[in-house]
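Q: For the sequence shown, UniProt numbering begins at 1 and goes up steadily by one. A virtual CB, placed ideally from N, CA and C, is assigned to each residue, including glycine. In this text the structure is predicted, and so the values were computed from the model without any measurement.
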Amino acid sequence: WMMAQASQGDLSAGLYAWAHNLLPLMGHKNKCHSPESMDLILQFVENILSNPEARAILVNNAVREGERLIPLASFEILLRLTFPDPSGRVKATERFEAIYPLLKEVALAPTGSNTMKQIFTISLNLAGQGISNKRNLE
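In structure tokens form, the structure reads like this:
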């Protein structure tokens, strides 16, 4: 409730809270989250992103108090949820695909740090895992 209230007046605070607190709950390997909790977590961020000014506000304020709104670890979780291997697709995957472009833009917004290099490294690791998974299926 507190995060939802904070995001009403400050979209950056809401996205920061989502990316740092709620999204990591969905990234745990043990898959302990329910479809209901995933739905609520998605509703929270969809509400933030539905604001007509969300893109301009979030991209221009991609860093809050020295920390990125979407940290690298959360971006990796977002990638895994948006682009799972075919057997890992769930109902929520399409919703992640819909919000991914804007969240990617916020995550990759220039800040003068080495974030792009780190994201490139993660992308290569994920691509390698995908190739490895494909070979295991053949």
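#1: On the CB-based measure, 16 or more other CB atoms within 10 Å of its CB, does GLY14 come out buried or exposed?
#2: Closest to LEU72 by CA distance: which of GLU94, ILE99 and TYR16 is it?
#3: Spatial neighbours of LEU40 within its chain, please: CB distance less than 7 angstroms, with the 5 preceding and 5 following residues excluded, ordered by chain position.
#4: Using CA coordinates, which residue listed in HIS20, ALA56, LEU78 and LEU11 is at the minimum distance from ALA109?
#5: With three or more C-beta pairs closer than 8 angstroms as the rule, is the segment 64-71 touching the segment 79-90?
#6: Run the CB neighbour count on ALA19, radius 10 Å, all protein chains shown included, and call it buried at 16 or more, exposed below.
A: The relevant details are as follows:
#1: buried
#2: TYR16
#3: none
#4: ALA56
#5: no
#6: buried
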